[in-house]
Amino acid sequence: MRASICASALALFTALGASTAFASELNVAVEVPRLEGAEYHRPYVAVWIEREDQTVATNLAVWYETGNRKEGTKWLSDLRQWWRRSGRDQTFPIDGVTGPTRPVGTHQLKFTGDKSPLASLAAGKYKLVVEAAREAGGREVVRVPFEWPAKSAQSLTGKGSSELGTIALNLAP
Amino acid sequence: MKHLQKRVAPTFAPILALAVAAALPVAAEAHSPFIVPSETVLSRTGWITVDGAVGNDLFYFNHAPLRLDNLKVIGPDGQAVTPENVNTGKFRSTFDLNLATPGTYKLVLTNSGLNGQYETASGEKKRFRSGGGRGPGGPGGPGAGAPVGAGGPGGAGGPGGAGGPGAGGPGGPGGRGGMEFTTEIPAGAKNIQITQQQSRNETFVTAGKPNDTALKPTGEGLELVPVTHPNDLFAGEPISFKFVLDGKPVPNLEVEVVPGATRYRNKRADTKFTTDKDGVLTMTWTDAGMYWMEASVQDDKPTDKRANKRRASYVATFEVLPP
Chain A
1 MRASICASAL
11 ALFTALGAST
21 AFASELNVAV
31 EVPRLEGAEY
41 HRPYVAVWIE
51 REDQTVATNL
61 AVWYETGNRK
71 EGTKWLSDLR
81 QWWRRSGRDQ
91 TFPIDGVTGP
101 TRPVGTHQLK
111 FTGDKSPLAS
121 LAAGKYKLVV
131 EAAREAGGRE
141 VVRVPFEWPA
151 KSAQSLTGKG
161 SSELGTIALN
171 LAP
Chain B
174 MKHLQKRVAP
184 TFAPILALAV
194 AAALPVAAEA
204 HSPFIVPSET
214 VLSRTGWITV
224 DGAVGNDLFY
234 FNHAPLRLDN
244 LKVIGPDGQA
254 VTPENVNTGK
264 FRSTFDLNLA
274 TPGTYKLVLT
284 NSGLNGQYET
294 ASGEKKRFRS
304 GGGRGPGGPG
314 GPGAGAPVGA
324 GGPGGAGGPG
334 GAGGPGAGGP
344 GGPGGRGGME
354 FTTEIPAGAK
364 NIQITQQQSR
374 NETFVTAGKP
384 NDTALKPTGE
394 GLELVPVTHP
404 NDLFAGEPIS
414 FKFVLDGKPV
424 PNLEVEVVPG
434 ATRYRNKRAD
444 TKFTTDKDGV
454 LTMTWTDAGM
464 YWMEASVQDD
474 KPTDKRANKR
484 RASYVATFEV
494 LPP
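Chains as they are written, first to last, in this note's numbering: chain A, 1 to 173; chain B, 174 to 496.
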């Protein structure tokens, strides 16, 4: 009895799994590294998907000092590449994108292909871009190329050397 | 300009008083004037501060301050913006600027005047200089849009005086215009050479999203018409700027570009570029930093018909960001 329930459950899950693009996933893990130094401020970080011509297909996340009403947005232009590609055309906060700065550690961003913003992402070659800028610290940009939609499950990584740690991009078709 | 032609006939028969207006460009041509904003890319509206100075070392304050008499700030809607806390010190002029609306601002200092030389009847060589307004002719009246008292026009019939009160006050009583050309060129003078000088010194700042209203050329003198937006400059990226003289493209124009921080290297590292047949300069910035750019044209096509030669110069400061 148990075996046949398992078998039919398995068949059911397999059938569901095979049904497609709607289950596709794009997961990003951004590592904010631990850094030495007397003065530490959480970095401003922007995560976006750029097209081959470097225009922005979609913003995924922007972490800045949302609680600092006076000066929070003032430093957004320190994310130089993001600012000129997208930031300067926006008003803040950006719904579903902006949020407060994050502490040291690895932070997960999860997106599915059936919802915004991936639902409108055209098929093609892209790069996941992560830019970080830190007060009394430096600036770094990490890019991870990928293709969308993913034809197979993939684990791609990029690595920063100063202001960013490992950037992991996991795709599921 | 007809009335001026009557007054100053080709033989310079009337004896006129010498006038040296308040806002003369610094004489030493070997020195570089520069305007440097505290930053050029702001994420939102707010204040910046700006330095202006003259000197050979970029961008250090070790020679002379920049005279701000003819400073004009054009806002994102094309309207004038008033600088605040304007000060001229020993080596540097400074002012603060409130970028109150988003968009691109152009900070520009123009000077125009006539200078030249002649020989008296007895063969003695003499030089003269005049000028101070922002352009030839034009009716006088209230400080015509110049936020920092641009030496108002002289009174009717009198010598071009030292200009009206500063800081936007009204100029002198409606006179003959911004530039009163009066000089001691006596009857019988020979070998009269009069050069029209037009100089432009500018820089650009953007708060929030850039636009190009303030970037439109005036059609006078040597100007840069951006193809690449001047606040969208990054090291390693090629850019294009178009040069025009009196509104027309200038092919084969030599343009010199010098990176800042000259004190901390042993070569001046100036590079000369040439505009193409359409007057377009294409170049790539090597490193991030503040850059100084200069170009000039000399010809015998003055727009001020009292002159027989013309020299138009253009200087600008650009901030290039790390990629």
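Glycine included, C-beta positions come from ideal geometry on N, C-alpha and C.
Bridge partner(s) assigned by DSSP for residue i
| i | result |
| --- | --- |
| B/Y487 | B/R373 and B/A468 |
| B/P422 | B/V417 |
| B/P411 | B/T457 |
| A/S161 | Answer by DSSP bridge pairing: none, since A/S161 is not bridged. |
| A/I167 | A/V30 and A/G158 |
| A/A132 | A/V45 and A/E140 |
| A/D78 | None; A/D78 has no bridge partner. |
| B/D224 | B/V209 and B/T267 |
| B/K298 | B/E292 |
| B/V398 | B/K415 |
Cα-Cα separation, residue i to residue j
| i | j | result |
| --- | --- | --- |
| A/A122 | A/W148 | 8 Å |
| A/V56 | A/A46 | 12 Å |
| A/A150 | B/T277 | 41 Å |
| B/P343 | A/R143 | Bear in mind that a pLDDT of 41 at B/P343, under 50, signals an unreliable position, so the number given afterwards is only what the model happens to contain. Their backbone Cα atoms lie some 57 Å apart in a straight line. |
| B/T213 | B/P403 | 9 Å |
| B/T261 | B/V378 | 21 Å |
| A/G96 | A/P43 | 19 Å |
| B/A273 | B/T218 | 5 Å |
| A/E25 | A/Q54 | 23 Å |
| A/T157 | B/S216 | 31 Å |
| B/R240 | B/P359 | 31 Å |
| B/R441 | A/P93 | 45 Å |
| A/S77 | A/R88 | 8 Å |
| A/V104 | A/G165 | 10 Å |
| B/L244 | B/V259 | 11 Å |
| B/A489 | A/V28 | 44 Å |
| A/L118 | A/W48 | 12 Å |
| B/K421 | A/I167 | 51 Å |
| B/A380 | B/L270 | 12 Å |
| A/E163 | B/D460 | 21 Å |
| A/K159 | B/D242 | 53 Å |
| A/T112 | A/E39 | 38 Å |
| A/A23 | A/K127 | 21 Å |
Minimum Cβ-Cβ distance from residue i to chain B less than 7 Å
| i | result |
| --- | --- |
| A/G158 | no |
| A/D89 | yes |
| A/K74 | yes |
| A/S180 | The first residue shown for chain A is 1 and the last is 173, placing residue 180 of chain A beyond what the model contains. |
| A/S155 | no |
Contact set between residue i and chain B, taken where Cβ atoms lie within less than 7 Å
| i | result |
| --- | --- |
| A/T185 | The displayed coordinates of chain A run from 1 to 173. Any statement about residue 185 of chain A would go beyond what the structure contains. |
Exposed unless 16 or more other CB atoms sit within 10 angstroms - verdict on residue i
| i | result |
| --- | --- |
| A/G138 | exposed |
| A/A133 | buried |
| B/S372 | buried |
| B/A253 | exposed |
| B/Y464 | buried |
| A/S120 | exposed |
| B/E375 | buried |
| B/G392 | exposed |
| B/T283 | buried |
| B/V209 | buried |
| B/T368 | buried |
| B/P238 | buried |
| B/N288 | buried |
| B/Y437 | exposed |
| B/R300 | exposed |
Any C-beta of chain A under 7 Å from that of residue i
| i | result |
| --- | --- |
| B/S216 | yes |
| B/G462 | no |
| B/K382 | yes |
| B/A201 | Residue placement at B/A201 cannot be trusted, given a pLDDT of 42 that sits under 50; what the coordinates show is reported in the next sentence. No, B/A201 lies away from the interface with chain A (no Cβ there is under 7 Å from its Cβ). |
| B/S486 | no |
8 Å Cβ cut-off: residues of chain B touching residue i
| i | result |
| --- | --- |
| A/W83 | V214 and S216 |
Cβ-heavy atom distance, residue i to the ligand GTP, below 6 Å
| i | result |
| --- | --- |
| A/L156 | As for the ligand GTP, it is missing from this structure, which has no ligand bound. |
Under 8 Å from the C-beta of residue i: neighbouring residues of chain A
| i | result |
| --- | --- |
| B/L494 | R80 |
Where residue i meets chain A, residues with beta-carbon distance less than 7 Å
| i | result |
| --- | --- |
| B/D405 | R84 |
7 Å Cβ cutoff, residue i in contact with chain E
| i | result |
| --- | --- |
| B/K245 | Annotation note: the requested chain E is absent from the structure, which comprises protein chains A and B. |
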